[in-house]
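Accompanying notes for the structure given below.
In the working numbering, the protein residues as written are 24 to 363.
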């Protein structure tokens, strides 16, 4: 879902300001057309086990259209009945009753972009919502029966100190989310903040924030399983774990990426970025580029993802996922019998 009410100055995702006349219905028709094309070219070997609506701001979509989209995806893919269906949501776009309707449509997991519970800090990073709106959105999704929800919380914001960062985390924990994403604000190339950097906390303060946050989350029962992902028992994000495990996934919509493998070969796909151009071309080969991942790239790709996770990896999984032997990865000093 490529549209937002406003582009945040730190965001490097493929997101665009929503047009006055948002073409939501045409867009969802194009998504299904794009999906039909993908499945005709590369049929799925088995039903998907997760479905993730990312963006942009997917919670801009009217619930009736999202329900139609999920139903259309189910018809085409035989989506697993117990699939994890995640919707990314912005607290500033949630109207009363929306989460009830999203849950009725099949959404069973929500990732809410809270970022901070300090209105001044939210303003500094260009967010359109207030802390009060975040509180209201959380109450709405809990009332809708969606207890599997994530709160995104950033630290290292302009002008933030360590007590303020920990205060945001305390506010988040008080709502008992199943999952917390606790991550540092980074200045990504191509963003407004990258071109005009704000004054960020010094490195020592960032280290203090990260360490204190990690300890507080652990004390509250959240287990860190990836660089910035903390979850209660049974609440790991299965969709993201598939990415990090070098699994296959299908991506449709402008800027969407996909990875497919079969018979020892791996392909990556990438849809064109522009929503307007993609809308005109969705459902055909001109909307997507596909390239095969050479054996020489696979070890790096696998390790780049797997080493984000606390569990690391094992050699049998490396060999099964990449089609490579373990000696494809050179370990310095291994020839001399050094410990690895």
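Cβ atoms here follow ideal geometry from the backbone N, Cα and C, with glycine treated the same way.
Quick one: Cα of residue i to Cα of residue j, how far?
i           : j           : result
residue 65  : residue 284 : 10 Å
residue 210 : residue 225 : 14 Å
residue 56  : residue 165 : 34 Å
residue 141 : residue 321 : 42 Å
residue 357 : residue 350 : Below a pLDDT of 50, predicted positions are generally treated as unreliable, and residue 357, at 47, falls in that range; the measurement from the model is reported next regardless. Looking at the two C-alpha atoms, the distance is approximately 10 Å.
residue 136 : residue 173 : 8 Å
residue 131 : residue 353 : 43 Å
residue 84  : residue 183 : 33 Å
residue 364 : residue 74  : Nothing can be reported for residue 364, as the shown portion of the chain is limited to 24 through 363.
residue 244 : residue 193 : 13 Å
residue 95  : residue 68  : 19 Å
residue 361 : residue 335 : In this predicted model, residue 361 has a pLDDT of only 38, less than 50, meaning its place in the structure is not dependable enough to derive any value.
residue 144 : residue 155 : 14 Å
How about residue i and residue j: do their beta carbons lie closer than 8 Å?
i           : j           : result
residue 180 : residue 139 : yes
residue 153 : residue 206 : no
residue 278 : residue 113 : no
residue 161 : residue 202 : no
residue 294 : residue 317 : no
residue 31  : residue 149 : yes
residue 275 : residue 61  : yes
Which whole-angstrom value describes the C-beta separation of residue i and residue j, a residue pair presumed to lie in contact below a C-beta threshold of 8 Å?
i           : j           : result
residue 108 : residue 129 : 5 Å
residue 315 : residue 290 : 5 Å
residue 151 : residue 115 : 4 Å
residue 163 : residue 196 : With a Cβ gap of about 19 Å, residue 163 and residue 196 do not count as contacting.
I'd like to confirm something about residue i: is its beta-carbon nearer than 7 Å to some heavy atom of the ligand SAM, or not?
i          : result
residue 77 : Among the ligands in the structure shown, none appear at all, so the ligand SAM cannot be discussed.
Would you mind sorting residue i into buried or exposed? The rule is 16 or more other CB atoms within 10 Å of its CB.
i           : result
residue 280 : exposed
residue 70  : exposed
residue 204 : buried
residue 26  : buried
residue 87  : exposed
residue 53  : buried
residue 307 : exposed
residue 44  : exposed
residue 133 : buried
Compare the C-beta of residue i against all C-beta atoms of chain C and say whether one is closer than 8 Å.
i           : result
residue 132 : You won't find chain C in this structure, because it holds only one protein chain.
Who does residue i pair with in a DSSP beta bridge?
i           : result
residue 366 : Here the chain covers residues 24 to 363 and nothing more, so residue 366 does not appear.
residue 247 : 253
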